[in-house]
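Numbering (the working numbering), first residue to last: 20 to 590.
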C-alpha cells in the first residue's frame, strides 16, 4: 500500500481510487432543470402577489375617484335651496330668554288672505256671469259662525297653562266688522316674558295650537257656507296661492336680474382688466424694443464673395500698327529680327484675343453701425484675389540681357504679357519664338478696406431684403504671372518691388439680395454683387502697346451677421 515514503500503488488501491472518481461525478442536467423550475415558480408566485396588490390598489383608487366625481356632480347639480311654502304655518325656532310666541310672517299673510277671501254681503258686488261660465262668489259667514270661531280660538289658547291673558283671542265686537277683526287677531300672539319652562312648553305646543285653530276656522267657514247654499270651491283652493305664486315669481325675477347684472359686471371688469394687461404688455414691449434698438446699433459680419474678374484688355489695330512701324523703323541686321517683330505682333494679338475672365473671391470682416431704423453703415477689412486667364503660342526671351520690364530682370523665356505692359520696348533685345500652346494665368492679391451703406426692408416674419453700395481702397500685395509650360518662367511682383501695376486701386460695388433671421442675434444674407475699378491695373497706360480698360468683377455675396446686445425682434 502506498504511503508518504512509498509512492507505489497496488491494483486494489487503483481500483478503489477509480471508483471514488466515479462517485465524485457532477449532478445530472435533470437536477439543474428541476432547481431552475422551482426558482421560476417561486418568482412567478411573488410576481402574482405583487400584481394582485397593485390591481387592488388601482381598483380602490378608481372607486374613490368615481365616488368623489359622483358626489361632486350631485352637489353641483342639486339646487341651491328649496323655498318654503308661503302658506305653511311654522313656529319660530328662536331660543333664549327672549323667546316669543309670535308666528312667522307667513301666518300673517295667510290670515290676510283668509280675510280677503271673505267679504261682507254688503260690500260684495255681483257681476253678470259670462256665457258658459259658472259664478263662484261665496257668501260671507254669519256673525254666529264668526263668534263660534273666535270662542273656539279663545278657549284653545286659554286651556294652556302659563300663558297670560294677552295671548287669548278677543271676542269680536258687534259694532265692528267681524271678518276684518278675525283676520287681524286670529294668528296674532303678543310677546310675553314667562319663565323658561313655560316658554319651552309654549314653543313645543305652538304648532299644535295654530293647526287646531286653523282647522276650527276652516270647519266653521265650511259649515256657514253649506248653510248659505254656496259652493265651497273657493275654500278648497290653497290659502294665498295666487299671492304666493306672484311673490315667488317676483322673487325669482329679481334674483335673476341680480345674477345677470352681477355676471355682466364681472364680464365688464374682466374685459377692463384684459385691456389694461394688453396695454401694459404693449408698452413694455415698446420700451424693450426701444432699449434693444439703442443697445443693438452695433453688429459684426463675415462675407464671402466668389465671382468672375475681367481685366478688360483689348486689341487695337492702331496700336499694333504703331508698334509694327516703330519696330520696322529700327535697324535690323538680319532677317531674324523681322521674323521676331512679326511674331511679337501675332503674340500680342493672340494674347489679347484669348484673355478670358478668371475666378475671383474675397473675404471681408465688417462692423456695422445703425444710422436709422433700416439704414446701416458698414466698414471693415478684407482680402481679395482676382485672376485672369489667357493662352499663348509664343515665348519671349531677351537676347542682349537688357531689362525689358521695369522692375523685372530675367535671362529666361517669359510670356508675351511682360513686354506688352512695358514702356521700354527694344526690338533688338527681344527674341520671339513659337512654342506649343500653353495657358497663362495672371493673379492679383489685394488688401481691401471697404466702406458702404446698406438698407433693409421687411418681406415677411423672418425674411427681409437689402440693398447696398460702397467704395473700397484696394492695396496691391502681390501680382504673379503663371505659365503652364515648363519652358516659360513665372514672374512675381511683391509689395516692395517696382511693379508696373498700381499700388493703390479704388473700386466701387453695388449689391442686393434677401436675408433671413435665424435666431435672436443671427441673420444671413445672399445676393448678387457688381464691383468696378475706377482706374486700370497698369500705372502708365499711355505707353502700353495694348489698350487697357477698367477691370470689373461680377459675383455672389454671402454674409453672416451678428447683432450685439439684441434679442429676436421684428423690424
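Just so it is clear, CB atoms sit at the ideal spot from N, CA and C, and this is done for glycine as well. Here the structure is a predicted model, which means the values were calculated and not measured.
Suppose the cutoff is 6 angstroms on Cβ atoms and the five residues either side in sequence are ignored; what does the same chain contact list for residue i look like?
i: residue 212; result: Below a pLDDT of 50, predicted positions are generally treated as unreliable, and residue 212, at 45, falls in that range; no measurement from the model is reported.
i: residue 578; result: 320, 322, 544
i: residue 76; result: none
i: residue 536; result: 481, 542
i: residue 416; result: 432, 450
i: residue 375; result: 408
i: residue 38; result: none
i: residue 302; result: none
i: residue 521; result: 558
i: residue 149; result: Because residue 149 sits at a pLDDT of 43, beneath the cut-off of 50, its placement in the model cannot be relied upon, and the point is left open.
i: residue 36; result: none
Using a Cβ-Cβ cut-off of 7 angstroms (strictly less than) and excluding sequence neighbours within five positions of residue i, which residues of its own chain qualify?
i: residue 453; result: 362, 412, 413
i: residue 373; result: 409, 410
i: residue 101; result: Confidence at residue 101 is low in this model, with a pLDDT of 46, below 50, so the placement of that residue should be treated as unreliable; the coordinate-derived value is given next. None.
Using a threshold of 8 angstroms, state whether the C-beta atoms of residue i and residue j are closer than that.
i: residue 553; j: residue 573; result: no
i: residue 498; j: residue 460; result: no
i: residue 544; j: residue 580; result: yes
i: residue 399; j: residue 386; result: yes
i: residue 388; j: residue 284; result: no
i: residue 331; j: residue 489; result: no
i: residue 404; j: residue 464; result: yes
i: residue 457; j: residue 377; result: no
i: residue 513; j: residue 502; result: no
i: residue 297; j: residue 570; result: no
i: residue 591; j: residue 555; result: Since the first and last residues shown for the chain are 20 and 590, residue 591 lies out of range.
i: residue 394; j: residue 474; result: yes
i: residue 371; j: residue 565; result: yes
i: residue 576; j: residue 384; result: no
i: residue 485; j: residue 534; result: yes
i: residue 582; j: residue 318; result: yes
i: residue 476; j: residue 397; result: no
i: residue 381; j: residue 467; result: yes
i: residue 551; j: residue 526; result: yes
Closer than 8 angstroms by C-beta to residue i: which residues in its own chain qualify, once you throw out the five before and the five after it? Chain order, please.
i: residue 506; result: 414, 432, 454
i: residue 366; result: 411, 412, 413, 415, 435, 451
Taking residue i as part of the alpha helix (DSSP H), name the residues at either end of that continuous run.
i: residue 375; result: Segment 375–389 is the beta strand (DSSP E) holding residue 375; no alpha helix (DSSP H) there.
i: residue 28; result: Looking at the DSSP string, residue 28 is not in any alpha helix (DSSP H), and its letter there is neither H nor E.
i: residue 582; result: Run containing residue 582: none in the alpha helix (DSSP H); it sits in the beta strand (DSSP E), 571–582.
i: residue 74; result: 48–96
Starting from residue i, trace the beta strand (DSSP E) in both directions and tell me its first and last residue.
i: residue 544; result: 541–552
i: residue 328; result: 326–329
i: residue 565; result: Where residue 565 is concerned, there is no enclosing beta strand (DSSP E), given that its DSSP letter is neither H nor E.
i: residue 538; result: Counting along the chain, residue 538 falls outside any beta strand (DSSP E), and DSSP gives it neither H nor E.
i: residue 318; result: 317–323
Closest Cβ-Cβ distance between residue i and chain D: below 8 angstroms?
i: residue 572; result: Structure shown: chain D not included; a single protein chain is present.
Counting only runs that start and end within the region 440–512, where is the beta strand (DSSP E) found for 3 or more residues in a row?
-> 449–477, 482–502, 510–512
Quick check: the region 530–537 against the region 493–506, are there 3 or more CB pairs under 8 angstroms?
-> no
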